[in-house]
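Numbering (UniProt numbering), first residue to last: 1 to 395.
For every residue, glycine included, the Cβ atom is placed at its ideal position computed from N, Cα and C.
If you want it as C-alpha cells, here you go:
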C-alpha cells in the first residue's frame, strides 16, 4: 500500500471512532516538497459540513517556540546580540532578576531570594535552562503568581514577565518562559514587534499566509473548534483556548501563534533546505541551523532534563537520551519508529506535534485541537504515522 493510502487510512481510523480525534491535519515533507498532505474528521463536530483540511487554522501553542527561536538565531547572525551575552543588560524585564533561595521555605509563593551568580543568556532562554518557569506546569510557580497577582502569559500583557528564577542559569532544565523572553530580545534588538519580524523574515518569504498572532477574518472562517477530553469523552472547550481578535500588549513567542499544518510544513521544509526559501533566498545560515539541532545544554542541565519525567511531553519514546537544541528537543539515540539519532522535535498544548530529521531528509507536522496535552488517541496516531513514514522511506 502506498504511503498516501496508509496515512489516509490511519487518519480516518482515528477520527471515525466514537470519542476519537474530532479532526486532524498532517503534512509530511522533504526538502524537495511535500510527500503527503491530508486531513480527516471535522473542523467542528457541531457542523457536519466542515471537513478538516491542511489549511484549517488552529492554535499551534508551543509550536510557536521553534519559529521564535529561529528569529532569535537570525538576530544573532546579524550581530545584533550574541548567544552568550548577558540579557540582564539587554532587556528591561530581566534587569532586576532574582534567584529563589531554595534552602529556605517557599510555600504559598512567599520566597526568599539571593543575588544571581551567573549571567542569563539567550542560549539559556532557548534551551529552557534559564530558571524562569511556566506557572501552569509547576505548582510552586503558580503559587507565586497567585500571591503576587501575576497574570498568565495568555493574557498578552507585559505584567506576565514578573517571575523570579528557580535556579542559577544553566544549572537545571525546566520548561518555562525562555522563548517568550527570546521574543522580547528579538523585539528589543530589531526595533520590530515580534509578529512583524516573523512576517518580514519568515512568513512572507516562505508563503506562510495563515500564521499570525492575530486572527484575520479569512483565518477565522477556517478555524477549528477546540475540545477537551474529559473522562475519555470528547467535549467542547468553552473557553476557546486563547482570546483572538484582541490587541496584544505583548505577543507570546512561546505559545501565541495561530497557524495551520500547510504553513508549518513550509517552515520545516526551510530547515530541511538548509535555511533557504523556495526562491533560493537564504533566510538563515545552514551552519546556524546545524548548531541549533545540536545539544546546547550544560552538563548539569542535561542531567536535569534526562532525570525529568517527560511522559506528558512524549509517551512514545520513554527513556531515550535527550538534549535541548536551540529550537527544540534533540534525541541522541535512534527511535523505535525508525527515526535516527540527531532529530529535533517539539509539540503544542492542544496535542500538536512536529519533528525534523535532516539525516533522512524528512519532517512532519500534525495539528489537532484537544486538551489536555498528550491526548492518548493522538499519541497512538502519531506513532502509527511515524512508523508508516519511515517504513515507506526505507523500502
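For the 9 angstroms CB-CB criterion, residue 213 and residue 256 form a contact. The beta carbon of residue 43 is closer than 6 angstroms to those of 23, 50, 52, 56, 224 in its chain, skipping five residues each way along the sequence. Collapsing the DSSP output to three states places residue 202 in a helix. Beta-bridge pairing by DSSP links residue 133 to 176. Every alpha helix (DSSP H) of 4 residues or more that sits fully in the segment 187-240 is shown, in chain order, as 194-198, 217-220. DSSP places residue 331 in the strand class (E or B) of the three-state scheme. A residue is called buried when at least 16 other Cβ atoms come within 10 angstroms of its Cβ; residue 148 does not meet this threshold and is exposed. Boundaries for residue 30: no alpha helix (DSSP H) harbours it, while the beta strand (DSSP E) harbouring it runs 23-30, taken from the DSSP string. DSSP places residue 36 in the strand class (E or B) of the three-state scheme. One thing to note: residue 176 has its Cβ within 9 angstroms of the Cβ of residue 133. Check the Cα spacing between residue 157 and each of 276, 90, 253, 227: the tightest is with 253. Only residues of its own chain outside the window of five on either side were considered, and among them 388 have a CB closer than 7 angstroms to the CB of residue 6, listed in chain order.
The shortest CA-to-CA distance from residue 36 to any of 118, 335, 363 is the one to 363. Counting along the chain, the unbroken beta strand (DSSP E) around residue 356 starts and ends at 352-357. A distance below 6 angstroms between beta-carbons, with the five flanking residues on each side excluded, links residue 76 to the following residues of its chain, in chain order: 83. Here residue 339 is actually not in contact with residue 31; their C-beta atoms are around 17 angstroms apart, not less than 8 angstroms. Residue pairing by DSSP puts residue 347 in a beta bridge opposite 353. Note on residue 247: under 16 other CB atoms within 10 angstroms of its CB, so exposed under the neighbour-count rule.
In this structure, residue 194 lies away from residue 267, with their beta-carbon atoms at least 9 angstroms apart. Of all alpha-carbon atoms in 241, 73, 2, 17, the one lying nearest the alpha-carbon of residue 293 is that of 73. Straight-line spacing of the CA atoms in residue 118 and residue 141 works out to 21 angstroms.
Contact check for residue 390 and residue 330: beta-carbon distance about 18 angstroms, past the 8 angstroms limit, so the pair fails to qualify.
In this structure, the CA atom of residue 249 is about 51 angstroms from the CA atom of residue 395. By the criterion of a C-beta distance shorter than 7 angstroms, residue 359 is surrounded in its chain by 340, 342, once the five residues flanking it on both sides are discounted. For the pair residue 322 and residue 328, the Cα-to-Cα distance works out to about 11 angstroms. Taking residue 241 as the centre and dropping the five residues before and after it, the same chain places the C-beta of 59, 226, 350 closer than 7 angstroms to its C-beta, in chain order. In the three-state reduction of the DSSP assignment, residue 292 falls in the helix class.
Taken through DSSP and simplified to helix, strand or coil, residue 323 comes out as strand. Shown here, residue 112 sits in coil according to DSSP, grouped into three states, outside any helix or strand. In this chain, residue 120 is not harboured by any alpha helix (DSSP H), its DSSP state being neither H nor E. Put simply, the backbone Cα of residue 20 is about 34 angstroms away from that of residue 178.
Between residue 38 and residue 15, the gap from beta carbon to beta carbon reaches 9 angstroms or more. With a cut-off of 8 angstroms on Cβ pairs, the segment 99-118 is not in contact with the segment 60-69, counting fewer than three such pairs. The beta-bridge partner set that DSSP reports for residue 365 consists of 27, 354.
Secondary structure at residue 255: coil, using DSSP grouped into helix, strand and coil. Measuring C-alpha to C-alpha distances from residue 287 to each of 65, 54, 70 identifies 70 as the nearest.
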